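*Asks:* In the working numbering, the protein residues as written are 151 to 327.
Note that the Cβ used here is the ideal one computed from N, Cα and C, for glycine as well.
These numbers were taken from a predicted model, which means no experiment stands behind them.
Attaching a single structure in C-alpha coordinates format; questions to follow.
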Amino acid sequence: MSKTDFETARIAMVDCQIRPADVTHYNIIEAMLKVPREVFFPEKLREIAYTGEHIQVKNDRYALDPRITAKILNLININESDLVLNVAGCYGYMANILSYFAQAVVMIEESELAKEAERILGEQSIDNVIVKACPLVEGAGDYGPYDAVVIEGGVTFVPDAIINQLKLGGRIVAIFM
151 MSKTDFETAR IAMVDCQIRP ADVTHYNIIE AMLKVPREVF FPEKLREIAY TGEHIQVKND
211 RYALDPRITA KILNLININE SDLVLNVAGC YGYMANILSY FAQAVVMIEE SELAKEAERI
271 LGEQSIDNVI VKACPLVEGA GDYGPYDAVV IEGGVTFVPD AIINQLKLGG RIVAIFM
(Lines of atoms letter the chains of each structure in order from A and count residues from 1; the text may use other names and numbers.)
(Lines give C-alpha, C1' and ligand atoms only; values in the text may rest on other atoms or scores of the structure.)
Protein backbone atom coordinates (compact mmCIF):
# COMPACT_ATOMS: atom_id res chain seq x y z
CA MET A 1 0.00 0.00 0.00
CA SER A 2 1.15 3.54 -0.67
CA LYS A 3 1.37 6.30 1.93
CA THR A 4 -1.85 7.75 0.50
CA ASP A 5 -3.59 4.37 0.80
CA PHE A 6 -2.57 4.14 4.47
CA GLU A 7 -3.85 7.67 5.09
CA THR A 8 -7.16 6.73 3.48
CA ALA A 9 -7.31 3.56 5.61
CA ARG A 10 -6.60 5.62 8.75
CA ILE A 11 -9.44 8.02 8.00
CA ALA A 12 -11.77 5.08 7.27
CA MET A 13 -10.73 3.43 10.57
CA VAL A 14 -11.71 6.54 12.50
CA ASP A 15 -14.92 7.18 10.56
CA CYS A 16 -16.13 3.56 10.38
CA GLN A 17 -14.77 2.03 13.61
CA ILE A 18 -13.89 4.68 16.19
CA ARG A 19 -16.73 7.19 15.83
CA PRO A 20 -19.46 4.47 15.68
CA ALA A 21 -17.94 2.95 18.86
CA ASP A 22 -19.13 6.10 20.67
CA VAL A 23 -15.66 7.56 21.16
CA THR A 24 -16.42 11.25 20.99
CA HIS A 25 -13.41 12.93 22.61
CA TYR A 26 -12.03 15.06 19.82
CA ASN A 27 -8.43 14.75 21.08
CA ILE A 28 -8.55 10.94 20.82
CA ILE A 29 -9.98 11.07 17.32
CA GLU A 30 -7.40 13.67 16.30
CA ALA A 31 -4.50 11.60 17.67
CA MET A 32 -5.74 8.45 15.94
CA LEU A 33 -5.94 10.38 12.67
CA LYS A 34 -2.34 11.61 13.09
CA VAL A 35 -0.55 8.45 14.25
CA PRO A 36 0.40 6.14 11.36
CA ARG A 37 -0.72 2.82 12.89
CA GLU A 38 0.88 0.82 10.07
CA VAL A 39 4.43 1.71 11.17
CA PHE A 40 3.81 -0.08 14.47
CA PHE A 41 3.60 -3.45 12.72
CA PRO A 42 6.13 -5.62 10.91
CA GLU A 43 6.10 -5.09 7.14
CA LYS A 44 4.09 -8.29 6.53
CA LEU A 45 1.23 -7.05 8.76
CA ARG A 46 1.04 -3.40 7.69
CA GLU A 47 -1.71 -3.93 5.13
CA ILE A 48 -4.06 -5.17 7.87
CA ALA A 49 -3.09 -2.54 10.47
CA TYR A 50 -6.43 -0.73 10.15
CA THR A 51 -8.74 -3.73 10.29
CA GLY A 52 -11.30 -3.80 13.07
CA GLU A 53 -9.88 -6.79 14.92
CA HIS A 54 -6.99 -7.81 17.15
CA ILE A 55 -3.87 -8.61 15.10
CA GLN A 56 -1.60 -11.47 16.12
CA VAL A 57 1.98 -10.17 16.27
CA LYS A 58 3.59 -13.17 17.98
CA ASN A 59 2.37 -16.64 18.96
CA ASP A 60 0.73 -15.45 22.17
CA ARG A 61 0.58 -11.68 21.59
CA TYR A 62 -1.93 -9.46 19.85
CA ALA A 63 -2.15 -5.79 18.96
CA LEU A 64 -5.50 -4.43 20.09
CA ASP A 65 -8.43 -3.74 17.80
CA PRO A 66 -8.46 0.05 17.17
CA ARG A 67 -11.91 0.34 18.79
CA ILE A 68 -10.60 -1.21 22.00
CA THR A 69 -7.62 1.15 21.92
CA ALA A 70 -9.96 4.13 21.55
CA LYS A 71 -12.28 2.89 24.33
CA ILE A 72 -9.29 2.47 26.68
CA LEU A 73 -8.13 6.00 25.89
CA ASN A 74 -11.66 7.26 26.49
CA LEU A 75 -11.88 5.50 29.88
CA ILE A 76 -8.44 6.30 31.27
CA ASN A 77 -8.85 10.05 30.69
CA ILE A 78 -5.17 11.04 30.58
CA ASN A 79 -4.21 14.66 31.19
CA GLU A 80 -1.04 16.61 30.45
CA SER A 81 0.46 16.23 33.94
CA ASP A 82 0.04 12.43 34.07
CA LEU A 83 2.82 9.88 34.21
CA VAL A 84 1.47 6.72 32.55
CA LEU A 85 2.67 3.11 32.67
CA ASN A 86 1.81 1.19 29.49
CA VAL A 87 2.14 -2.57 30.10
CA ALA A 88 2.47 -4.99 27.16
CA GLY A 89 2.55 -2.22 24.57
CA CYS A 90 3.69 -4.43 21.66
CA TYR A 91 5.31 -2.14 19.09
CA GLY A 92 4.31 1.13 20.78
CA TYR A 93 1.11 2.30 19.06
CA MET A 94 -0.80 2.91 22.31
CA ALA A 95 2.27 4.53 23.90
CA ASN A 96 2.52 6.89 20.93
CA ILE A 97 -1.11 7.95 21.29
CA LEU A 98 -0.81 8.25 25.08
CA SER A 99 2.19 10.53 24.51
CA TYR A 100 -0.12 13.14 22.97
CA PHE A 101 -1.98 13.51 26.28
CA ALA A 102 0.47 12.61 29.07
CA GLN A 103 3.53 14.36 30.42
CA ALA A 104 5.41 11.07 30.00
CA VAL A 105 4.75 7.41 29.23
CA VAL A 106 6.78 4.42 30.39
CA MET A 107 6.11 1.43 28.16
CA ILE A 108 7.23 -2.02 29.30
CA GLU A 109 7.50 -4.99 27.03
CA GLU A 110 9.39 -8.21 26.44
CA SER A 111 12.91 -7.70 25.08
CA GLU A 112 12.32 -8.36 21.36
CA LEU A 113 9.18 -6.21 21.13
CA ALA A 114 10.73 -3.49 23.32
CA LYS A 115 13.67 -3.09 20.94
CA GLU A 116 11.34 -2.69 17.98
CA ALA A 117 9.05 -0.30 19.86
CA GLU A 118 11.99 1.88 20.87
CA ARG A 119 13.20 2.00 17.26
CA ILE A 120 9.76 2.84 15.87
CA LEU A 121 9.01 5.50 18.50
CA GLY A 122 12.41 7.06 17.79
CA GLU A 123 11.66 7.15 14.07
CA GLN A 124 8.38 8.90 14.91
CA SER A 125 10.31 11.50 16.99
CA ILE A 126 8.36 10.66 20.14
CA ASP A 127 10.45 12.06 22.99
CA ASN A 128 8.20 11.57 26.01
CA VAL A 129 8.03 7.75 25.93
CA ILE A 130 10.57 5.54 27.69
CA VAL A 131 10.65 1.90 26.59
CA LYS A 132 11.86 -0.63 29.14
CA ALA A 133 12.42 -4.33 28.48
CA CYS A 134 11.44 -6.29 31.57
CA PRO A 135 9.06 -8.97 32.85
CA LEU A 136 5.58 -7.49 32.40
CA VAL A 137 4.36 -8.53 35.87
CA GLU A 138 7.06 -6.38 37.51
CA GLY A 139 6.00 -3.04 36.09
CA ALA A 140 8.61 -0.28 36.12
CA GLY A 141 8.79 0.92 39.70
CA ASP A 142 12.00 2.82 39.06
CA TYR A 143 10.02 5.43 37.08
CA GLY A 144 6.79 5.55 39.13
CA PRO A 145 4.57 6.14 40.93
CA TYR A 146 2.08 6.47 38.09
CA ASP A 147 -1.10 8.47 37.70
CA ALA A 148 -2.47 5.85 35.30
CA VAL A 149 -1.69 2.32 34.14
CA VAL A 150 -2.86 0.85 30.83
CA ILE A 151 -2.48 -2.93 30.54
CA GLU A 152 -2.90 -3.93 26.90
CA GLY A 153 -2.60 -7.70 27.24
CA GLY A 154 -5.46 -9.82 28.54
CA VAL A 155 -5.00 -10.62 32.23
CA THR A 156 -6.72 -12.68 34.90
CA PHE A 157 -5.50 -10.31 37.64
CA VAL A 158 -3.43 -7.16 38.04
CA PRO A 159 -0.12 -8.02 39.71
CA ASP A 160 0.49 -6.44 43.12
CA ALA A 161 3.79 -5.03 41.85
CA ILE A 162 1.87 -2.93 39.31
CA ILE A 163 -0.87 -1.90 41.75
CA ASN A 164 1.82 -0.76 44.20
CA GLN A 165 3.29 1.54 41.52
CA LEU A 166 0.02 3.48 41.20
CA LYS A 167 -0.38 6.84 42.95
CA LEU A 168 -3.20 7.20 45.46
CA GLY A 169 -6.26 8.07 43.38
CA GLY A 170 -4.64 6.71 40.22
CA ARG A 171 -6.41 4.77 37.48
CA ILE A 172 -5.88 1.34 35.92
CA VAL A 173 -7.45 0.03 32.73
CA ALA A 174 -7.02 -3.67 31.98
CA ILE A 175 -8.68 -6.28 29.81
CA PHE A 176 -9.70 -9.25 31.94
CA MET A 177 -9.92 -12.69 30.35
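Under 8 Å, with one C-beta from each stretch per pair, do the stretch 221-237 and the stretch 183-197 reach the 3-pair mark?
*Replies:* The answer is no - the stretch 183-197 does not touch the stretch 221-237, with fewer than three Cβ pairs under 8 Å.
*Asks:* With C-beta atoms as the reference, is Ile247 less than 8 Å away from Met182?
*Replies:* Here residue 247 refers to the residue found at position 97 of the sequence shown. Here residue 182 refers to the residue found at position 32 of the sequence shown. Yes, they are a contact pair.
*Asks:* Please specify which runs of the beta strand (DSSP E), each continuous and at least 3 residues long, are wholly inside the stretch 212-261, giving them in chain order.
*Replies:* Those beta strand (DSSP E) runs which fall completely within the stretch 212-261 and span 3+ residues are 233-237, 254-259.
*Asks:* Nearest by alpha-carbon distance to Glu302: which of Val281, Asn236, Glu288, Leu263 is it?
*Replies:* Against the sequence shown, residue 302 aligns to sequence position 152. Taking only the C-alpha atoms, the option nearest Glu302 is Asn236.
*Asks:* Assign Glu266 to one of two classes, buried (16 or more other C-beta atoms within 10 Å of its C-beta) or exposed (fewer than that).
*Replies:* The residue you call residue 266 lines up with position 116 of the sequence shown. Looking at its Cβ environment, which holds 16 or more other Cβ atoms inside 10 Å, Glu266 is buried.
*Asks:* I'd like the list of long-range same chain contacts for Tyr293, defined as Cβ closer than 6 Å, with 5 residues on each side in sequence excluded.
*Replies:* For the purposes of this step, residue 293 is identified with residue 143 of the sequence shown, where counting begins at 1. Only Val256 meet the Cβ criterion.
*Asks:* What's the call for Phe307, buried or exposed, on a 16-neighbour Cβ count within 10 Å?
*Replies:* Reading the sequence shown from its first residue, position 157 is the one you call residue 307. So Phe307 counts as exposed.
*Asks:* Would you say Gly242 and Val281 are within 8 Å of each other, going by their C-beta atoms?
*Replies:* Start at 1 with the first residue of the sequence shown, and residue 242 comes out as number 92. Start at 1 with the first residue of the sequence shown, and residue 281 comes out as number 131. Result yes, Cβ atoms of Gly242 and Val281 sit closer than 8 Å.
*Asks:* What does DSSP give as the partner residue(s) for Arg321 in the beta ladder?
*Replies:* One-based indexing of the sequence shown puts residue 321 at position 171. Note: Arg321 sits in a beta bridge opposite Ala298.
*Asks:* Drop a sphere of 10 angstroms on the beta-carbon of Arg160, count the other beta-carbons inside from all chains shown, and report buried for 16 or more, exposed for fewer.
*Replies:* Locating residue 160 in the sequence shown gives position 10, counting from the first residue. Counting Cβ neighbours within 10 Å, Arg160 comes out buried, since at least 16 surround it.
*Asks:* Which residues share a DSSP beta bridge with Ala283?
*Replies:* Counting from one through the sequence shown, the residue named residue 283 turns up at place 133. Looking at the DSSP assignment, Ala283 forms a beta bridge with Glu259.
*Asks:* Looking at Ala290: is its Cβ nearer than 8 Å to the Cβ of Arg321?
*Replies:* As a first step, residue 290 must be located in the sequence shown, where it is residue number 140. As a first step, residue 321 must be located in the sequence shown, where it is residue number 171. Taking 8 Å as the Cβ cut-off, Ala290 and Arg321 do not qualify as a contacting pair.
*Asks:* Within this structure, are the beta carbons of Cys240 and Arg211 separated by less than 8 Å?
*Replies:* Translated into positions along the sequence shown, residue 240 becomes position 90. Translated into positions along the sequence shown, residue 211 becomes position 61. Yes. Within cutoff.
*Asks:* Could you name the residues that DSSP lists as bridge partners for Gln206?
*Replies:* On the sequence shown, position 56 is the one that residue 206 refers to. Tyr212, per the DSSP bridge assignment.
*Asks:* Between which residues of its own chain and Ala264 is the CB-CB distance below 6 Å, once the five residues before and five after are set aside?
*Replies:* For the purposes of this step, residue 264 is taken as residue 114 along the sequence shown, with counting starting at 1. Result list for Ala264: Val281, Ala283, in chain order.
*Asks:* How far does the alpha helix (DSSP H) with Leu195 in it reach, from first residue to last?
*Replies:* Translated into the one-based positions of the sequence shown, residue 195 becomes position 45. Neither: Leu195 is in no alpha helix (DSSP H) and is coded neither H nor E.
*Asks:* Just to confirm my understanding: we take Ile270, look at its own chain, exclude 5 residues before and 5 after, and list those with CB closer than 7 Å. What are they?
*Replies:* Stepping through the sequence shown from its first residue, residue 270 is reached at position 120. Contacts found: Val189, Phe190, Tyr241, Gly242.
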